[in-house]
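Contents: one structure, followed by commentary.
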Amino acid sequence: MTVEEIVKKYGRSISEKLADFLFTDVGDSDDIALIKGFLAADDTEKKLKYGDMLNTDTKRVGIFLDGNQYIIASDGKTVHIIDAVAEEFGSSPAESFVTLAEMYFLLDHKEEFIHYVKEH
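Be aware that the sequence shown starts at 129, since it is given in the numbering used here, and climbs by one per residue.
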């Protein structure tokens with residue numbers, strides 16, 4: 129898997145949204161470890177370990193981790209990334225999906241992905 133392959137697979141719009149998520153809501157290695165732990169956890173562990181960081185909006189089904197602008201969830205294979213600001217104002221498609229393996233790759237290659245999307 130490469131950054132270029134992910135950009136080609138998802139296209140410009142979703143790649144820009146993913147880069148924005150990485151830039152806005154993923155700061156340092158502690159954030160990366162926290163997000164990976166959340167995505168890998170089962171629902172019980174998510175509630176116990178991440179309870180104070182969960183999105184409490186009742187219009188969604190599932191357990192979402194709250195971020196600065198985005199909320200994320202995982203169903204075991206797919207990661208759901210929702211731009212809460214875009215959703216609120218209806219300015220662009222709010223939800224993006226990537227596989228769990230792709231999200232782990234993006235988290236591990238955050239700077240490279242952001243740079244690639246910005247330059248291409």
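Ideal Cβ positions, reconstructed from N, Cα and C, are used throughout, including at glycine.
These figures come from a predicted structure and were not determined experimentally.
7 Å Cβ shell around residue i - same chain, five flanking residues per side excluded
i, result
"residue 240", "131"
"residue 177", "169"
"residue 166", "174, 178, 193"
Inter-residue spacing [alpha-carbon to alpha-carbon] between residue i and residue j
i, j, result
"residue 202", "residue 192", "8 Å"
"residue 142", "residue 190", "22 Å"
"residue 161", "residue 214", "26 Å"
"residue 228", "residue 168", "9 Å"
"residue 171", "residue 153", "22 Å"
"residue 243", "residue 182", "29 Å"
"residue 156", "residue 246", "20 Å"
"residue 137", "residue 129", "11 Å"
"residue 185", "residue 248", "36 Å"
Reference residue i, options the options, closest by Cα
i, options, result
"residue 235", "140, 142, 147", "147"
"residue 139", "237, 238, 226", "226"
"residue 200", "217, 216, 231, 172", "231"
"residue 159", "195, 243, 183", "195"
"residue 251", "206, 129, 133", "Outside the displayed span of the chain (129 to 248) sits residue 251, for which this structure offers no information."
"residue 238", "133, 137, 151", "151"
6 Å Cβ shell around residue i - same chain, five flanking residues per side excluded
i, result
"residue 211", "198, 222"
"residue 149", "198, 209"
"residue 135", "143"
"residue 145", "224"
Counted within 10 angstroms of its Cβ, other Cβ atoms place residue i as buried (16 or more) or exposed
i, result
"residue 217", "exposed"
"residue 92", "This structure leaves residue 92 out entirely; the chain is present only between 129 and 248."
Own chain residues within Cβ distance below 8 Å of residue i, not counting five before or after
i, result
"residue 233", "129, 134"
Exercise for review: Jot down the residue ranges of each uninterrupted beta strand (DSSP E) in the region 170 to 211, minimum 3 residues, whole runs only, in chain order.
Suggested key: 198 to 202, 206 to 211
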